[in-house]
Amino acid sequence: MQSSFLVGISLTIVASVIRLVVSDVPNPNSCGRCGDSGLACVSETEFRVCNNGVPDADTLIECPVGTFCTNSATTCDLGAVPRCRPCNTCSADGRFACLDGTTVAFCYGGPNPSADTYKCPVNTVCNINAAAPNFCSQNDGTVSICSPPPRTVLTTTTTTTIVPTTTTQSPASWCTQKNTVGRFPVPSDTTCTSYYYCFVNGGSISGQRYTCTGTTVFNPVTQQCVLSTAYTCP
Numbered sequence: 011m012q013s014s015f016l017v018g019i020s021l022t023i024v025a026s027v028i029r030l031v032v033s034d035v036p037n038p039n040s041c042g043r044c045g046d047s048g049l050a051c052v053s054e055t056e057f058r059v060c061n062n063g064v065p066d067a068d069t070l071i072e073c074p075v076g077t078f079c080t081n082s083a084t085t086c087d088l089g090a091v092p093r094c095r096p097c098n099t100c101s102a103d104g105r106f107a108c109l110d111g112t113t114v115a116f117c118y119g120g121p122n123p124s125a126d127t128y129k130c131p132v133n134t135v136c137n138i139n140a141a142a143p144n145f146c147s148q149n150d151g152t153v154s155i156c157s158p159p160p161r162t163v164l165t166t167t168t169t170t171t172i173v174p175t176t177t178t179q180s181p182a183s184w185c186t187q188k189n190t191v192g193r194f195p196v197p198s199d200t201t202c203t204s205y206y207y208c209f210v211n212g213g214s215i216s217g218q219r220y221t222c223t224g225t226t227v228f229n230p231v232t233q234q235c236v237l238s239t240a241y242t243c244p
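When you line the sequence shown up against my numbering, it's residues 11 to 244, in that order.
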């Protein structure tokens, strides 16, 4: 009887230790979720400031070059394992992309996912940090899966390019006066095709001017380039 009692205590202790170890593992599927630091990672290198536990859509901030957003106390960590990557985004080495939680696409060294895809086996998910050839892993609570993009992105084969500004005020100066981060229409642009991107750089706010591609226009509400049929330039 005493032996059975001791075994029961031992099993209880082991189970408690296991629960403690599991609880100490940070939740990797935290894209868009506010952490203890009051910030929420929305991509590998971007985060938003949280207000009352909700990410502020107007405060998209980029991590310094070479660091990744981790939801830790320091937010952006050098050489950290990425914990948040939008779906449909190729890995940094161009091997593969998770199109969703269970679909893998090969990238073949390029920046965009190819049409060659396959579904992960039952009870497994596409692991954004997996090593070839096993891109699918058992979802044991420590697997990093992709998240939907934090903002709407047009499906297009063209890219947004930086253009020289024609205003007397530089984008950086304009953003400094604006004193906030995000994307804003260029006041002097009556065609609604360009915008200022204001971001934190070295502890201060800087900015760049961008132009929308093709026939798209900039929608200041969504802070994205959209089809001209989806937004009417005032």
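Here a beta-carbon is modelled for each residue, glycine too, at the ideal position from N, C-alpha and C.
CB-CB length for residue i against residue j, believed under 8 Å
i	j	result
Ala115	Pro123	4 Å
Phe228	Ser204	7 Å
Ala107	Cys117	6 Å
Glu72	Glu56	6 Å
Asp66	Arg58	6 Å
Beta-bridge pairing of residue i - partner residues as DSSP gives them
i	result
Gln148	Thr134
Tyr220	Ile172 and Tyr205
Ala107	Cys100 and Ala115
Gln234	Asn229
Pro74	Beta-bridge pairing links Pro74 to no other residue.
Cys79	Cys86
Ser214	Asn211
Residues of its chain near residue i, where Cβ-Cβ distance is below 8 Å and the 5 sequence neighbours each way are ignored
i	result
Thr113	Thr127, Tyr128, Lys129, Cys130 and Cys136
Val64	Cys44
Asn189	Ile215
Cys222	Thr170, Thr203, Ser204, Tyr205, Phe228 and Cys235
Val163	Because Val163 sits at a pLDDT of 39, beneath the cut-off of 50, its placement in the model cannot be relied upon, and the following sentence gives the value as read from the coordinates. Taken in chain order, the residues that qualify are Gln234.
Asn149	Asn133, Thr134, Val135 and Ile155
Ala240	Asn229
Simplified DSSP state of residue i, which is helix, strand or coil
i	result
Ala67	strand
Ala50	strand
Cys60	strand
Thr127	strand
Ala115	strand
Ala141	coil
Pro96	strand
Thr225	coil
Cys156	coil
Pro195	strand
Thr186	helix
Pro121	coil
Pro244	coil
Thr200	coil
Residues near residue i in its chain [Cβ-Cβ closer than 7 Å; skip 5 each side]
i	result
Arg43	Ala50
Pro74	Cys86
Gln218	Ile172, Pro181 and Tyr207
Cys185	Tyr206, Cys208, Ile215, Ser216 and Gly217
Val145	Per the sequence presented here, residue 145 reads as Phe, with Val not at that position. The residues are Phe106, Val114, Cys136 and Asn137.
Ser147	Thr134, Val135, Asn137, Ala140 and Val153
Close-in-space but distant-in-sequence residues of the same chain around residue i (CB under 6 Å, 5 per side omitted)
i	result
Pro230	Pro195
Pair every Cβ in the stretch 69-89 with every Cβ in the stretch 98-108, then say whether three or more of these pairs are closer than 8 Å.
The count of Cβ pairs closer than 8 Å, one atom from the stretch 69-89 and one from the stretch 98-108, stays below three, leaving the stretches out of contact.
Is there contact between the stretch 187-197 and the stretch 220-236, where contact requires at least three CB pairs shorter than 8 Å?
Here the stretch 187-197 makes contact with the stretch 220-236; the two share three or more CB pairs at distances below 8 Å.
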